[in-house]
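A.B. asks: Supplied in structure tokens, the structure appears directly below.
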Amino acid sequence: MNMQLARILPEVILTITGVIIMLAEPLLQKNSSRKPLGWFAVLGTLAALFASMWQLHLPDGTAYFGTVQTDAYSVFFHVLIAGIVLATLLVSLDSIDGSAESVGEFFALICFGAVGMMLMTSAVELLLVFIGLEISSISTYIMACFRRKSAKGPESAIKYFLLGSFATAFFLYGIALIFGATGTTAIAAIGRILTVGQTPLLAVVGLAMILIGIGFKVSAAPFQVWTPDVYEGAPSPVVGLMSTAPKAAAFAVLLRILYVAFPLLHYHWQPLVWWMAVLSMCVGNLGALRQQNVKRMLAYSSIANAGYLLAAFTALSQEGVAAASFYAVTYAAMNVGIFAVVSHAGGFGDRLTLVQDYRGLAYRSPLLGGAMAFFLISLIGIPFTGGFFGKFYVFAAALHSGMVWLTIIGLINSGIACYYYLRLLAAVYSKPVHTDLLDGIPRPTMPLLLALVLTVAATLILGIVPGQVLSLARAGANTLVPYVTTAMK
Amino acid sequence: MLNDSILSLITFVPTAGAFVVAFLPRRGKVIQWFTLLVTLTTFVLTLHLPAHFNYGQTGFQFEQDRAWITSPNIRYHLGVDGISTWLVVLVGFLSILGVLASWNAISTRTKEFYFLFLIQQTAMLGVFVSLDMFLYYGFWELSLVPMAILIAMFGRNRGPQAAIKFFLYTFIPSALLLVALLWLYSKTGTFDFVETQKFLSQYGALLSPQALWWVSLAFLAAFAVKVPVFPLHGWLADVFSEAPTAMAMVVAGKLGLYSIIRFNLGLFPEQSRQIAPLMIALAAIGVLYGALVALVQDDMKRLIAFSTVGHLSLILLGIFCFTVVGLNGAVYHVINHEFSGAAFLILLGILYERYGTYEMSKYGGLAAKLPRMATLYIITTLSLIGLPILNGFVGEFLILSSSFGVHPGWAIAATVTVILNAGYMLLLIQKVFFGPESHLVASHPHSDIVAREGFALVPAAVLMLVLGVASPYWIRTIDTAVSRLAQNVAHVTSTLTTTIAEKR
């Protein structure tokens, strides 16, 4: 096969899948079910997943004039994103009204979004990163607006769109400044140029701009303001997707930029990231304490989790990169899982919104209640679940680099966090009040069960035998860290 | 052969049972019978430990050490010594009592109840047998989850609040414990308890003393909340009055006290030595406070909660005297108190099943109607008070006599409360069983202890007597581990005093 094409094979597969879905949709009867299109998207995603794994056998290298690179790091995030998209498609198949128009579009948009995110993780050229970011952002803007009928839907989508475009503009401006300072937009080349001679102020400002842009995308404080509103208004399966996959991609990009292009400037960005981490953890957890709306609560929780992930960035070591990658996986598994339960229980239109609406869920459906409890326990960070090992590695890496205060703040935060997760957990297991709400929950369908099995199994495996995933994360980290170690000398 | 895997077997038989329970039909008493079978099997397996215990060996026995996660270096390392052996057996025994106590009390959501109940057993057993500190931490945290869910599900009226309170109280200090563990790991490169102990005794002086001090404090705080030590006992009364009997029985005491002995005394003898005056003072205050508050309770579950605070503080007093006798007494009293306390809670549960209230003032004159129950109540009460020839006496006597030599003032204060203990317990018996028959008692049909309840309580009563008379049999096992521990701490003191003397 053409070597160039092989390096973007998963993206190609997903693009073709999306295009076919777009073309096939108008050919279907007006009222016929669009769900076969969803299953086709599932197949395409599976193919992309295997294609990504196959990429591991390729020799490391770049393609298309050095803009795309496949290495253990990109493959790691490709597989993660494909996994998230797979689970999201299954959850959407469960909760979406299959006969509605534009449902085909929805599946196609998920595929296109995935293409953008995957491109972000394998791009080694800032402009291509930007293109990936735009592809993924635009498809999530549209998906966020999928509940056009409800009042919250368009409001949240417009908020997301305006602030999101603003952030991408920052990102682009940052790229421009860095190009001005170094004369290149290739990430590795920037790193090489910055090692010789003085560090231009322009590059530092550009880096700050990029931090702002990505900070918005991962909803890290102080750029988190949009998150609760958007999550509240968007359909639950979409929230499950956009709280994990685009964030994982953005973190992957940020890690690559910080570690490969700017390892020398670490004394500039390390304190910034430190503060972002601490702020995100505190703002997220304290904000979540007061929320009555489950989706808003999970939104604040995702801000806090971005903080934990950023904590790993500050470690400046292979361990730190591996911990961040590992955390992205564990957070994805449990968060997609919990949104699978929320989507099914609440439906596409959010029938259940408040914490107290979930009272007695375990009585109505032991399966859904048990799954929700399991994911909450993992989010709290109880051992033998993925959430625990995620936090464990992050803080072990931070402590290893001497960040004692960050570790203490982080773990105290995880203590605070358990309060709001517990409130939901206690509600799920207390006696039901709103039986009419709970009676509206349909029986779990096949795709939902598949999605739950996938996420529960992933969370358990990450919690009991994390060795395999961790060694993959390490292998990925190895491709970035040489830059740091050489720069440190 | 069996010796290598016995601890894994003991720990995971309940888990396996839990997953079978998840697939059993909710018909009749199938789940109850099966769980009883699982707990009986576990108990029989735990008896293997004392039966094959090697008294000549001081270190850990029945060890199993396998690689689990290579990086960070986490091993699956299990083992017991004289301190933990009988605690493991105790957990096994109490789990049977737990099933029998829940037999009729838990009538709805039985599958959820017994599933979580069995997971809770695994977590508690795991805490006692883990020698890798990471594994230990895993079980330690895991033990919170089934407990909290069960309190939320089966609480009498404010279950969810009590569950959240319990979880927050114990989880937040545990987070700091994790920081401490990670810090130790970053210095020693191992989570193994034995290795860490060796490292700290050899190179501990090279580490920053201030940091070590904070680390030991983080350990102590996490354990003290779980015990609970005065003034961190805020969660206990609520949990006791909300939790189902089978959970209230095991929630306090042994996990925290065992961990203090194992980790604080084992890893940080010097720091323990330094903080001992504070802990002794807290313990003595706790003994007094528990007894005084218990004296004015009308709700019997809350009464027993505060009485538990008192007893656990007494054990703490024994621990921080650092004498062989005191430590022997402390470990022995952990067993005794868990045991008699559990029996008393079961008796309270039985009373509640029949009359639907825990308020003492509603009862009166039961002894004439329920003579067998009255007898069991009185035996258990006398054991809790610490009447000689019953089990409670041995532990109390050892603790108080050893503390008298070290801290006479506090020991006197603690001894006075033995009288208070007798006061509130006998007051309870008097109010509930004697005096004129109350309206509540008269209006309910009376049924004395039935066979199932007798099956749980009569062996317990007999054991109280046996533990009281034949204590050397148990103490012999405990002594093998405790004497070395006490030496360690004493050794630190002597070197400490010599260095201080040299400085002068």
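First to last, the sequence lines map onto chains A and B. Under our numbering, the first residue of the first sequence carries the number 8, and numbering increases by one thereafter. Under our numbering, the first residue of the second sequence carries the number -11, and numbering increases by one thereafter. Using N, Cα and C, we set each Cβ at its ideal position, and we do this for glycine too.
1. Measure how close the beta-carbons of Val336 of chain A and Leu87 of chain A come, nearest whole angstrom, since I'm counting them as under 8 Å.
2. Using beta carbons (cut-off 8 Å, strictly below), is Ala380 of chain A in contact with chain B?
3. Can you check whether the CB of Thr369 of chain B is closer than 8 Å to the CB of Met413 of chain B?
4. Report the neighbours of Tyr436 of chain A on chain B: residues whose CB is nearer than 7 Å to its CB, in chain order.
5. Just to confirm my understanding: we take Asn42 of chain B, look at its own chain, exclude 5 residues before and 5 after, and list those with CB closer than 8 Å. What are they?
6. Among B:His65, B:Ser95, B:Thr96 and B:Leu104, whose alpha-carbon lies nearest the alpha-carbon of Ser83 of chain B?
7. Tell me the DSSP secondary structure of Asn300 of chain A in three-state form.
8. Quick check on the DSSP output: what are the complete alpha helix (DSSP H) runs of length 4 or more inside the stretch 31 to 110 of chain B, in order along the chain?
9. I'd like to know whether the C-beta of Val133 of chain B is nearer than 8 Å to at least one C-beta of chain A.
10. Can you tell me the Cα-Cα spacing of Phe168 of chain A and Leu220 of chain B, whole angstroms?
11. Determine the DSSP secondary structure at Ala227 of chain A, reduced to helix, strand or coil.
12. So which residues on chain B does Gly397 of chain A lean against when the C-beta distance must stay under 8 Å?
13. Any Cβ of chain B within less than 8 Å of the Cβ of Ile197 of chain A?
14. In whole angstroms, what is the alpha-carbon distance linking Ser243 of chain A and Leu296 of chain A?
15. Answer with buried or exposed for Ala193 of chain B, where buried requires no fewer than 16 other C-beta atoms within 10 angstroms of its C-beta.
16. Given 7 Å as the limit, tell me if Phe294 of chain B has its C-beta closer than that to any heavy atom belonging to the ligand COA.
17. Which two residues bound the contiguous beta strand (DSSP E) that contains Gly241 of chain B?
18. With DSSP as the reference, label Gly393 of chain B as helix, strand or coil.
19. For Gln76 of chain A, does the three-state DSSP call read helix, strand or coil?
20. In the DSSP assignment, find the unbroken alpha helix (DSSP H) run with Gly278 of chain B in it and report its ends.
21. Per DSSP, what kind of secondary structure is Glu162 of chain A in: helix, strand or coil?
22. Should Ser328 of chain B go down as buried or exposed, given a rule of 16 or more other Cβ atoms within 10 Å for buried?
23. Could you tell me which residues DSSP pairs with Asp120 of chain B in its beta bridges?
24. Name the chain B residues that come within less than 7 Å of Cys289 of chain A, Cβ to Cβ?
25. Is it true that the stretch 211 to 220 of chain B meets the stretch 173 to 188 of chain B, where meeting means three or more beta-carbon pairs spaced less than 8 Å apart?
26. Between the beta-carbon of Thr24 of chain A and the beta-carbon of Phe47 of chain A, is there less than 8 Å?
27. For the stretch 461 to 474 of chain A, list every residue whose C-beta sits within 7 Å of some C-beta in chain B, in sequence order.
28. Our contact map puts Leu209 of chain A next to Leu184 of chain A with C-beta atoms below 8 Å; I'd like the distance itself, whole angstroms only.
29. Using a 10 Å radius around the Cβ and a threshold of 16 neighbouring Cβ atoms, would you call Phe120 of chain B buried or exposed?
30. Whole-angstrom Cβ separation of Asp104 of chain A and Phe355 of chain A, contact assumed at under 8 Å?
31. Are the stretch 225 to 243 of chain A and the stretch 143 to 157 of chain A in contact at 8 Å, needing three or more beta carbon pairs?
32. Counting contacts by CB-CB distance shorter than 8 Å, is Thr58 of chain B in contact with chain A?
33. Can you tell me the Cα-Cα spacing of Arg342 of chain B and Ala469 of chain B, whole angstroms?
34. Going along the chain, which residues of the stretch 145 to 161 of chain B sit with their C-beta nearer than 9 Å to a C-beta in chain A?
35. At 8 Å on the CB atoms, spell out the chain A contacts of Ala163 of chain B, in chain order.
36. DSSP puts Gly353 of chain B in a beta bridge; with which residues?
C.D. replies: So, from the data block:
1. 6 Å
2. yes
3. yes
4. Ile137, Ala140 and Met141
5. Gln49
6. B:Leu104
7. strand
8. 36 to 39 and 70 to 90
9. yes
10. 49 Å
11. coil
12. Result: empty, since nearest Cβ-Cβ is about 13 Å, beyond 8 Å.
13. no
14. 21 Å
15. exposed
16. The ligand COA is absent from the structure shown, which contains no ligand whatsoever.
17. Segment: none, Gly241 of chain B is in no beta strand (DSSP E) and carries neither H nor E.
18. helix
19. strand
20. Pro257 to Leu283
21. helix
22. buried
23. B:Asp180
24. Here the premise fails: no neighbours, minimum Cβ distance about 15 Å.
25. no
26. yes
27. Pro473 and Gly474
28. 5 Å
29. At residue 120 of chain B the sequence reads Asp, which differs from the Phe that was named. Buried, since its Cβ has 16 or more Cβ neighbours within 10 Å.
30. 6 Å
31. yes
32. yes
33. 45 Å
34. Gly147, Pro148, Gln149, Ala151, Ile152, Phe155, Leu156, Phe159, Ile160 and Pro161
35. Leu418, Ile419, Ser421 and Gly422
36. DSSP lists no partner for Gly353 of chain B.
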